[in-house]
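Peer 1: Numbering (my numbering), first residue to last: 1075 to 1422. The beta-carbon is built from N, C-alpha and C at its ideal position, and this holds for glycine as well.
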Amino acid sequence: MAMATAPAEEPAPPRLPPPPGPPLFQQPRRRRPCVLLSFAAARDRFLRRRFLSFGLRPFSVRLPSPAGTSTVVHLWAPPRPVRRPVLLLHGFGASATWQWAPYLRSLLAAGLDPIVPDLLFFGSSWSTLPDRSDTFQARTVKAAMDGMGVRRFAVVGVSYGGFVGYRMAAMYPEAVERVVMVSSGVCLEEGDLAAGLFPVADVREAAELLVPRRPAEVRRLVKLTFVRPPPIMPSCFLKDYINVMGSDHIQEKTELLYALISDRKLSDLPKISQPTLIIWGEQDQVFPMELAHRLERHLGENSRLVVVKNAGHAANIEKSKEVCKSIVDYFQEPASSASVRGKEVHLH
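#1: Evaluate the contact criterion for the segment 1200-1208 versus the segment 1345-1364: three or more CB pairs, one atom per stretch, below 8 Å.
#2: Going along the chain, which residues of its own chain have a beta-carbon closer than 8 Å to the beta-carbon of Ala1275, five neighbours each way excluded?
#3: Once DSSP output is grouped into helix, strand and coil, what is the label at Arg1105?
#4: Between Val1146, Gly1386, Pro1308, Ala1249, which lies nearest to Thr1299 when the distance is taken from Cα to Cα?
#5: Apart from the five residues just before and just after Leu1351, which ones in its own chain have a Cβ nearer than 6 Å to its Cβ?
#6: Along the beta strand (DSSP E) that carries Pro1191, what are the first and last residues, could you check?
#7: Just how far apart, CA to CA, sit Ala1175 and Gly1235?
#8: Could you tell me which residues DSSP puts in a beta bridge with Thr1350?
#9: Taking only three categories from DSSP, how would you classify Glu1418?
#10: For the alpha helix (DSSP H) containing Ala1114, name the first residue and the last one.
#11: What is the C-beta distance between Val1397 and Val1256, in whole angstroms, given that I count them as a contact (C-beta under 8 Å)?
#12: How is Leu1137 classed by DSSP in three states: helix, strand or coil?
#13: Relative to the C-alpha of Phe1237, which candidate in Gln1406, Leu1331, Leu1271 has its C-alpha closest?
#14: Leaving aside the five residues before and after Ala1212 along the sequence, list all residues of the same chain whose C-beta is less than 7 Å from its C-beta, in chain order.
#15: Can you grab the Cα-Cα spacing for the pair Leu1186 / Val1380, in whole Å?
#16: With three or more beta-carbon pairs closer than 8 Å as the criterion, would you say the segment 1361-1380 touches the segment 1342-1350?
#17: So, using beta-carbon positions, are Leu1182 and Phe1227 closer together than 8 Å?
#18: Tell me whether the beta-carbon of Val1229 lies closer than 8 Å to the beta-carbon of Pro1191.
#19: The ligand MN heavy atoms versus the CB of Leu1137: any closer than 7 Å?
#20: In terms of residues, what are the limits of the beta strand (DSSP E) holding Gly1231?
#21: Would you mind listing the alpha helix (DSSP H) stretches within the segment 1278-1306 that are 4+ residues and don't spill past its ends, in chain order?
#22: Just the C-alpha distance for Asp1220 and Pro1303, rounded to the nearest angstrom, thanks.
#23: On the CB-based measure, 16 or more other CB atoms within 10 Å of its CB, does Gly1167 come out buried or exposed?
#24: On the DSSP letters alone, give me the boundaries of the alpha helix (DSSP H) that Ala1183 sits inside.
#25: Helix, strand or coil: which one does DSSP assign to Thr1328?
#26: Let me know the secondary structure DSSP gives Pro1097 once reduced to three states.
#27: What does DSSP give as the partner residue(s) for Val1160 in the beta ladder?
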């Protein structure tokens, strides 16, 4: 039986010690710091306070594990019994609070209760087990939901979170009621990389893109995911972001991508039975529109596609109001309407 505790959070495994500094006889060159305080840390604290202000509380759910191993899922959820739970699964990048904060007000106003976990090796969730598959992620999130006493729920997954959400829908059809896939290329095949469908040619390059370690790599990722990236991205701010939000579990995150993409074939992808809304940025360069249409064909009459104009892979951030409205409207439809395929919708 999974045990949930609140509000204490399980600390992540200790980081490796920093590399040694210069020898004592060297005089390191003094450089004027670009940032006196950590902007990323301050924003992270602000977003946590925002989650608290909307009535969500942090929980750490320790899952049953084989002897000598540990798995902990950190999540945000209402402290009271939930009404209409919606599981929000984030993608690669910052922790869940950064990606879902803009959605809380509208979801709660619509009578929906957001439950927002950090997937394993993001934020404060971790495991000592070696499994890196999306199936393992799906099992751990489902076990955390069971530990919270939530048996039936809808799922919204962004990018990598959509892979996990789709897997949950296939594995637990009795628990997952509806699915929303946002910019999530579950229908990709490993051969698509070599065929030139993506801006990367192989899994190694994909890992370098999605798990950036240097400011130049962050700039490339932002330019690929946003239609209108920030015109100025100072290295000092990017280094600060990497240090605060992107320096933990780098090896594990890289292994997640290898497990996700290696030998992946569309013929192995199960067809889920739940009504599914597909939301995609029209100018997505990470997962091109071809994958949205491929998923729509794969699911058939049980799916509906919404295309977001002037948005890229980060449509959930660039066009958060439009994407959130589509999600809320979909969940407010009666089940009979949600399961009927509609015409392709274009949001401006």
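Peer 2: Put simply:
#1: no
#2: Translated into positions along the sequence shown, residue 1275 becomes position 201. Around Ala1275: Leu1267, Ala1268.
#3: By 1-based counting over the sequence shown, the position of residue 1105 is 31. Confidence in Arg1105 is poor, its pLDDT being 42 and thus under 50, which makes the residue's placement too unreliable to answer from.
#4: The sequence position of residue 1299 within the sequence shown is 225, counting from 1. When each option's Cα is compared against that of Thr1299, the closest is Gly1386.
#5: On the sequence shown, residue 1351 is found 277 positions in, with the first residue counted as 1. Cβ neighbours of Leu1351 beyond the five flanking positions: Val1254, Arg1378, Tyr1404.
#6: Stepping through the sequence shown from its first residue, residue 1191 is reached at position 117. Per DSSP, Pro1191 belongs to the beta strand (DSSP E) from 1187-1191.
#7: Against the sequence shown, residue 1175 aligns to sequence position 101. Against the sequence shown, residue 1235 aligns to sequence position 161. Looking at the two C-alpha atoms, the distance is approximately 16 Å.
#8: Counted from its first residue, the sequence shown places residue 1350 at position 276. Its beta-bridge partners are Val1253, Ser1377.
#9: As a position in the sequence shown, residue 1418 is number 344, starting the count at 1. The answer is coil: DSSP assigns Glu1418 none of H, G, I, E or B.
#10: Position 40 of the sequence shown, counted from the start, is the residue given in the question as residue 1114. Counting along the chain, the alpha helix (DSSP H) containing Ala1114 begins and ends at 1113-1127.
#11: Position 323 of the sequence shown, counted from the start, is the residue given in the question as residue 1397. Position 182 of the sequence shown, counted from the start, is the residue given in the question as residue 1256. Going by Cβ atoms, the distance from Val1397 to Val1256 rounds to 6 Å, so yes, they are a contact pair.
#12: By 1-based counting over the sequence shown, the position of residue 1137 is 63. Coil, per DSSP.
#13: By one-based count along the sequence shown, residue 1237 stands at place 163. Measuring from the Cα of Phe1237, the nearest candidate turns out to be Leu1331.
#14: Taking the first residue of the sequence shown as position 1, residue 1212 is located at position 138. Cβ neighbours of Ala1212 beyond the five flanking positions: Val1238, Arg1241, Met1242, Met1245.
#15: Along the sequence shown, read from residue 1 onward, the residue named residue 1186 stands at position 112. Along the sequence shown, read from residue 1 onward, the residue named residue 1380 stands at position 306. Computed Cα separation, rounded: 21 Å.
#16: yes
#17: Indexing the sequence shown from 1 puts residue 1182 at position 108. Indexing the sequence shown from 1 puts residue 1227 at position 153. No, Cβ-Cβ distance for Leu1182 and Phe1227 is not below 8 Å.
#18: On the sequence shown, position 155 is the one that residue 1229 refers to. On the sequence shown, position 117 is the one that residue 1191 refers to. Taking 8 Å as the Cβ cut-off, Val1229 and Pro1191 do not qualify as a contacting pair.
#19: Questions concerning the ligand MN fall outside what the structure shown contains, since it holds no ligand whatsoever.
#20: The residue you call residue 1231 lines up with position 157 of the sequence shown. Gly1231 -> beta strand (DSSP E) spans 1227-1232.
#21: 1289-1299
#22: By one-based count along the sequence shown, residue 1220 stands at place 146. By one-based count along the sequence shown, residue 1303 stands at place 229. The alpha-carbon atoms of Asp1220 and Pro1303 are separated by roughly 39 Å.
#23: As a position in the sequence shown, residue 1167 is number 93, starting the count at 1. Gly1167 is buried by the Cβ-count criterion.
#24: Numbered from its first residue, the sequence shown carries residue 1183 at position 109. Unbroken alpha helix (DSSP H) run through Ala1183: 1178-1183.
#25: Reading the sequence shown from its first residue, position 254 is the one you call residue 1328. In this structure, Thr1328 counts as helix in the three-state DSSP scheme.
#26: Within the sequence shown, numbered from 1, the residue matching residue 1097 stands at position 23. With a pLDDT of only 36 at Pro1097, under 50, the local geometry of the prediction cannot be trusted, and the value read off the model is given with reservation. Of the three classes helix, strand and coil, the one that applies to Pro1097 here is coil, per DSSP.
#27: For the purposes of this step, residue 1160 is taken as the residue at position 86 of the sequence shown. Bridge partners of Val1160: Pro1188, Ala1228.
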